Structure formats: structure tokens, C-alpha cells
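Student:
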Amino acid sequence: MLQRIQKILAQAGIASRRKSEELIAKNRVSVNGKPVKLGDKADPDKDKIVVNGRPIKLEKKVYIMLNKPKGFVTTVSEEYCMKTVMDLVDVPERVFPVGRLDKNTEGLLLLTNDGDFANKLTHPSYEV
Numbered sequence: 009m010l011q012r013i014q015k016i017l018a019q020a021g022i023a024s025r026r027k028s029e030e031l032i033a034k035n036r037v038s039v040n041g042k043p044v045k046l047g048d049k050a051d052p053d054k055d056k057i058v059v060n061g062r063p064i065k066l067e068k069k070v071y072i073m074l075n076k077p078k079g080f081v082t083t084v085s086e087e088y089c090m091k092t093v094m095d096l097v098d099v100p101e102r103v104f105p106v107g108r109l110d111k112n113t114e115g116l117l118l119l120t121n122d123g124d125f126a127n128k129l130t131h132p133s134y135e136v
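Taking the working numbering, the leading residue of the sequence shown gets 9, the next gets one more, and so forth.
(1) Quick one: what's got a C-beta closer than 6 Å to Lys-68's C-beta in the same chain, skipping five residues either side?
(2) Taking all protein chains shown into account, do 16 or more other C-beta atoms lie within 10 angstroms of the C-beta of Lys-128, making it buried, or fewer, making it exposed?
(3) Express the C-alpha separation of Thr-113 and Cys-89 in angstroms, rounding to a whole number.
(4) In chain order, what residues of the same chain have a beta carbon less than 6 Å from the beta carbon of Asn-40, not counting five sequence neighbours either side?
(5) How would you write the range of the alpha helix (DSSP H) that Ser-28 sits in, first residue to last?
(6) How should Ser-85 be labelled, buried or exposed, when 16 other C-beta atoms within 10 angstroms of its C-beta is the threshold for buried?
(7) According to the Cβ coordinates, are Thr-7 and Leu-117 closer than 9 Å?
(8) Can you have a look at Leu-119 and say buried or exposed, based on whether 16 or more other CB atoms are within 10 angstroms of its CB?
(9) Hey, is Lys-91 close to the ligand GDP, as in C-beta under 8 Å from one of its heavy atoms?
(10) Going by beta-carbon coordinates alone, are Glu-30 and Val-70 separated by less than 9 Å?
(11) Just verifying my parser: in three-state terms, what is the DSSP assignment at Ser-133?
(12) Which residue's Cα is closest to the Cα of Gly-61: Leu-74, Gly-47, Met-73 and Pro-43?
(13) Quick check: what's the CA-CA separation for Val-106 versus Lys-34?
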């Protein structure tokens, strides 16, 4: 399926969409050997996408259902040495929580690396 190049780069963990736009503007991104410009699209399953001379590798989608216990903060990183939900999962992919539960709340928490999935669950326009 055709997608904007910056979205593909963000999904691959290369950079945020905005930083990906900067990479494209600096001619550091090519598809099938040709430089791309902002607005170009590609199929990540069929096209060879290269950033700074290296082919990108898309992460497989990961979905984790976690029964969050009390005492863990729902965040990816914590600067005050508190326990986070990331301390409870051990996966090689970079995942993030979908929504949040308070530190002293327990219950179902979803973690994923699928930004579209997370957006559809949390954005009010989807009425989930």
C-alpha cells in the first residue's frame, strides 16, 4: 500500500515525521535508487527505501496486553527512578503505552509499536 515516505520512516523508527521531512529535504532518502521529495509515496513492502545509504527495515507490529499492577508509572522513560510499565515487558521492538493508567491503578494496558492502531483507539473522533 502506498504511503508517504515520512510516515514510512517514522514507522521504521528512523526519525519522527518532522525529522523525516528534513532528511527528505536534504536529499538523504531514496526509493529504488531515485531521490525523493516531500509528498512522494512508496510501498514499504515492495520498494527499496534507503536513508543515508542504508536500506530501512520495518519493524513487525507488536501488540501487548499487560495487566498493570499498582506502583508502576505508565510511561516509556522516567527521570525520577520510579518503576515504569516498560520494566514489565521484555521485547526487542520499541513499544509504547496506548493511553495511561495512574501509578496506583491496576488493570489492562495495551502497548504497541503501531501508531495508527494507537491513534484509532485514543483519538476522540473514532469514538472507541
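Note that the Cβ used here is the ideal one computed from N, Cα and C, for glycine as well. Small disclaimer: the values here were computed from a predicted structure and weren't measured.
Tutor: Taking the structure as given:
(1) One-based indexing of the sequence shown puts residue 68 at position 60. So the list is empty, once near-sequence residues are dropped.
(2) Start at 1 with the first residue of the sequence shown, and residue 128 comes out as number 120. Burial call: exposed.
(3) One-based indexing of the sequence shown puts residue 89 at position 81. One-based indexing of the sequence shown puts residue 113 at position 105. So the alpha carbons of these two residues sit roughly 19 Å apart.
(4) Here the question's residue 40 lines up with position 32 in the sequence shown. Asp-55 and Lys-56.
(5) Within the sequence shown, residue 28 is the residue found at index 20, counting from 1. Note, Ser-28: alpha helix (DSSP H), 25-33.
(6) One-based indexing of the sequence shown puts residue 85 at position 77. Exposed.
(7) Here the chain comprises residues numbered 9 to 136, so residue 7 is not present and cannot be evaluated.
(8) The residue you call residue 119 lines up with position 111 of the sequence shown. Buried, since its Cβ has 16 or more Cβ neighbours within 10 Å.
(9) With respect to the ligand GDP, the structure shown offers nothing to examine, as it has no ligands at all.
(10) Taking the sequence shown and counting its residues from 1, the one referred to as residue 30 is at position 22. Taking the sequence shown and counting its residues from 1, the one referred to as residue 70 is at position 62. No, the pair does not count as a contact, with Cβ atoms beyond the cut-off.
(11) Taking the sequence shown and counting its residues from 1, one reaches residue 133 at position 125. Ser-133: helix per DSSP, three-state reduction.
(12) Within the sequence shown, numbered from 1, the residue matching residue 61 stands at position 53. Nearest of Leu-74, Gly-47, Met-73 and Pro-43 to Gly-61, Cα basis: Pro-43.
(13) Taking the first residue of the sequence shown as 1, we reach residue 106 at position 98. Taking the first residue of the sequence shown as 1, we reach residue 34 at position 26. In a straight line, the C-alpha of Val-106 is about 33 Å away from that of Lys-34.
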